[in-house]
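These protein sequence lines are chains A and B, in that order. Note that our numbering has the first sequence beginning at 1, numbered continuously upward. Note that our numbering has the second sequence beginning at 262, numbered continuously upward. Heads up, the beta-carbon is just placed ideally off N, CA and C, and yes, glycines get one too. Read through the structure below, which is laid out as C-alpha cells, and then see the notes.
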Amino acid sequence: MGSLLKLTDTTKQFQGLRAVDAINLDMKENTIHALIGPNGAGKTTTVNMITGVHSVTSGTIEFDGHDITGMPTYKIARLGIGRTFQNIKVFPTMTLLENVMVGGHQCTKLGALRTIFDIRGAKREEEMLKEKAENILKKLGLYELRNELMQNLPYGRQKISEIGRAMMTDPKLILLDEPAAGLNPSERGELIKVIKAAYGEGLSFFLIEHNMDVIMSISDYITVLSFGKLIAEGTPQEIQNNPEVIASYLGEKYKQKMAEE
Amino acid sequence: MEKKSNTMNNKKRNIILICTAAAVVLILPWILTTDYQIMVMNKVLIYTVVVLGLNFITGLTGQMNLGTAGMFALGAYATAVAATSYGISPWIGLVLAIVMGLLVGRGLGYPSLRLKGVYLALTTIGFSEVVRLVAANWVSVTGGTTGIRNIPYYSLAGYVFDTQTKMYYLFAVFVAFGIFCAYRLADSKWGRIFKSLRDNADAVEMSGVNIASCKILAFTVCAIYGCIAGALYAHFMGYINPSSFTIDLSTNFVIMLMVGGLGSVVGNIFGAAVVTILPEILRVFENYYQLIFCTIVLVGAIFFPEGWMFAGIKVIRKMVKKLRKREHITGEMGGGE
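Given below as C-alpha cells:
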C-alpha cells in the first residue's frame with residue numbers, strides 16, 4: 001500500500017507557542033487513521049495545516065503524490081480532500097438537500113453567463129447534482145429529511161450531513177474533526193455505520209476524536225500527540241498498552257477498565 | 262405521482278402569474294392619467310434594475326453594499342459623456358456602462374475579500390463619495406456641479422423614445438430581461454453558492470470552491486446592473502448632475518431591498534415599487550410626508566424583517582387556513598344535524 005498523506009517535520013509556530021512540533025506522519029491508502037491526544041495537543045492545528053487554513057511554519061505535507069504545502073484551501077480540496085468541522089459549519093437557512101448540493105458545485109462546469117442562457121444545460125447539470133446528492137443522502141439515511149431546513153434538524157443529523165457534503169466532491173480522503181462530539185450513543189452508532197460503509201466503498205478517513213469507543217472500534221492506525229509532539233503511533237492494541245499514552249492521555253482508570261473487560 | 266402533479270401545478274401557476282404581470286405592465290399607461298405618474302413608473306423600472314443587482318451582493322451573499330449610488334453614477338456619466346461630447350450612440354453607451362460595471366465589480370470585489378460587515382459598508386460608501394466628488398470637480402469632462410445637459414433620448418432605426426409612455430415600454434423590456442437574468446442566476450447553483458457564502462464561507466471553501474472569485478462575481482453582477490440602470494437614468498432624465506448621486510440614493514436602494522425581502526427576485530420588484538411610489542402617495546400630508554414614510558419603513562423593519570410582501574402573504578395564508586377550518590367545522594355540524 002502506498003502512502004496517501006505524508007507529513008514530514010511539519011511545524012506550526014504561533015508566536016511564542018509551538019503548537020505542532022516537527023511531527024512525522026505517514027497515512028497509508030485505504031485506512032482509517034486516528035489522531036488523538038489531550039486538549040491543546042495540536043490536533044486541530046494539524047488538520048488546519050493539511051487543509052491550508054493555517055500556513056505551515058516549516059516542513060512539508062504531501063497528499064497522493066502532490067506537495068500541498070502552502071496551497072490555498074480550495075485547491076487542496078480539489079485534489080481530493082474533504083473535511084468536516086469540530087463546531088459544525090453548515091448553512092442553516094438552506095434545506096438539507098441544498099446543503100449537500102453545495103459540496104458538488106466544484107464538479108459542475110457552466111459559468112455564470114452560460115447558466116443564465118443555456119437553459120437546458122443548466123437544467124441537466126442541476127438534475128445531475130440533485131441526483132448525486134440524493135444518492136448520498138440515501139446512503140447516510142437522511143433521504144427522508146432532504147427538504148427540511150438545516151436549522152430545524154437535530155445536531156447529530158447536521159453533523160452527519162457534513163460528511164455527505166464532503167462526499168459530494170468525490171474525495172479520496174475525508175478529515176473528520178471530532179465527528180462524535182455532542183452525539184448521543186445511538187447517533188454515535190449511526191456515525192460509525194456511515195463511516196464504515198463509506199470506507200467499504202474505498203474512501204479513507206483521517207479522524208480526530210476523543211471518544212475511545214469510536215476510535216478503538218473503527219481505526220486501523222492511531223497517532224498520539226501531546227503538547228505538539230508525536231509521542232506514540234501504532235495499532236489500537238499497541239496504543240492502549242503504551243505506558244506513555246496512558247500517562248499523558250488515557251489515564252490509569254482507562255487501563256483498569258480495559259483490564260476488567 | 263403526487264410530486265409530479267405538484268410541479269406541473271407550479272409551472273401552470275407561474276405561467277399564469279407571468280401573463281398577469283405582463284398584462285398589467287402593458288395596460289398601465291392607459292390607467293395612469295398624467296405624464297407625471299408614468300414618470301414615477303419609469304423611475305420604478307430603473308430602480309428595479311439596481312435592486313435586482315444589489316440583491317446578489319447584499320441579499321444573497323450577505324455583504325453590505327452602500328455604494329450603489331456610485332455604480333449608478335458611473336453608468337450614467339459613462340454614457341452621458343460619450344453621447345454629448347463624442348456623439349456616440351446611447352446603445353454603445355450602454356455597452357460602455359456594462360464595461361464600467363465589470364471594472365467596478367472587480368475593483369470593489371477585491372477589498373470585499375478582506376473586509377467584512379461595517380468596514381466593507383464604509384469602503385463602499387467611500388467609493389460612492391469618491392465617484393461623486395470626481396464628477397463634481399472634473400469640470401472639463403463632467404461639467405462639474407452644473408452637470409451634463411441635453412443627453413439624447415434612446416432611438417431605434419429613426420424611432421425616438423421621447424415621451425414618458427414610449428420610454429416606459431422600452432424600460433419595461435429592459436427590466437423584463439433583467440428579471441429573467443436575475444431569476445436564472447439566483448435560482449441556479451450560483452445563487453446557492455452565494456447563499457452558502459452568507460451562511461458559512463469556510464465550509465464552501467472546503468468544498469473546493471474558489472470563494473474569492475465567487476464574491477467578485479457577485480459584486481460584478483451588482484455593478485453591471487447598477488451601471489446599466491445609471492445609463493437608462495441618464496437618457497431618461499436628459500440631465501444629470503452630481504447631487505443626484507448622494508448616499509441618500511444608496512440607502513434608498515437598501516431600503517427597497519429590505520422592504521421586498523432579502524434574496525427574492527420578485528421581492529426586489531415589489532420593494533422598488535413600494536419605496537418609489539409610497540412617498541408620492543404620501544405627498545397629501547405635505548410637509549410631513551418624509552416623516553410618515555420613514556416611520557412606516559422603520560416599523561416595517563422591526564416587525565417584518567423578512568419583507569412586507571412575504572409578511573402579507575403569510576397573514577393571508579393564515580386567514581385562509583382559519584376560514585377553511587371554520588367552514589369545515591360548521592360543515593360537520595350541519596352534517597350532524
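- Contact annotation, residue 68 of chain A with residue 207 of chain A: C-beta distance approximately 19 Å; criterion of less than 8 Å not satisfied.
- The C-beta distance from residue 154 of chain A to residue 80 of chain A rounds to 30 Å, too long to meet the 8 Å contact threshold.
- For residue 155 of chain A, no Cβ of chain B is located within less than 8 Å of the residue's own Cβ.
- Its Cα nearest to that of residue 539 of chain B, the residue B/516 stands out among B/470, B/516, B/453.
- If only uninterrupted beta strand (DSSP E) runs of at least 3 residues are considered, none is enclosed by the stretch 469 to 526 of chain B.
- Near chain A, meaning a CB-to-CB distance below 7 Å, the residues of the stretch 434 to 456 of chain B are 442, 445, 446, 449, 450, 451, 453, 454, 456.
- Each of A/5, A/28, A/29 was checked against the Cα of residue 47 of chain A, and the nearest Cα belongs to A/5.
- In this structure, DSSP gives residue 27 of chain A an extended state, which the three-state scheme calls strand.
- Looking at the DSSP output, residue 435 of chain B sits in no beta bridge, so it has no partner there.
- The three-state reading of DSSP puts residue 281 of chain B in helix, counting H, G and I together.
- Counting other Cβ atoms within 10 Å of its Cβ, residue 460 of chain B reaches 16 or more and is therefore classed as buried.
- Within the stretch 457 to 468 of chain B, those residues whose Cβ lies closer than 7 Å to any Cβ of chain A are, in chain order, 457, 460, 461, 463, 464, 465, 466, 467, 468.
- Identification of residues in the stretch 69 to 80 of chain A having a C-beta nearer than 7 Å to some C-beta of chain B yields 73, 74, 77, 78, given in sequence order.
- Sequence-distant Cβ neighbours of residue 328 of chain B in its own chain, meaning closer than 6 Å and more than five residues away, are 385, 388, 389.
- Measuring C-alpha to C-alpha distances from residue 286 of chain B to each of B/299, B/525, B/274, B/275 identifies B/299 as the nearest.
- Counting the other CB atoms within 10 Å of its CB gives residue 331 of chain B a total of 16 or more, which places it among the buried residues.
- Nearest to residue 239 of chain A by C-alpha distance, out of A/30, A/167, A/73, A/35, is A/35.
- Residues of chain A whose Cβ lies closer than 9 Å to the Cβ of residue 527 of chain B do not exist; the shortest such Cβ separation is about 18 Å.
- Per DSSP, reduced to three states, the secondary structure at residue 350 of chain B is coil, with no helix or strand assignment.
- The secondary-structure analysis by DSSP pairs residue 82 of chain A across a beta bridge with A/174.
- Using a CB distance below 9 Å, the part of the stretch 120 to 153 of chain A facing chain B consists of 122, 125, 126, 129, 150, ordered along the chain.
- At a beta-carbon threshold of 7 Å, none of the residues of chain A lie near residue 271 of chain B; the nearest stands roughly 14 Å away.
- A Cβ-Cβ distance of about 43 Å is found for the pair residue 94 of chain A and residue 427 of chain B, leaving them out of contact under the 8 Å criterion.
- Rounded to whole angstroms, residue 15 of chain A and residue 57 of chain A show a C-alpha spacing of 11 Å.
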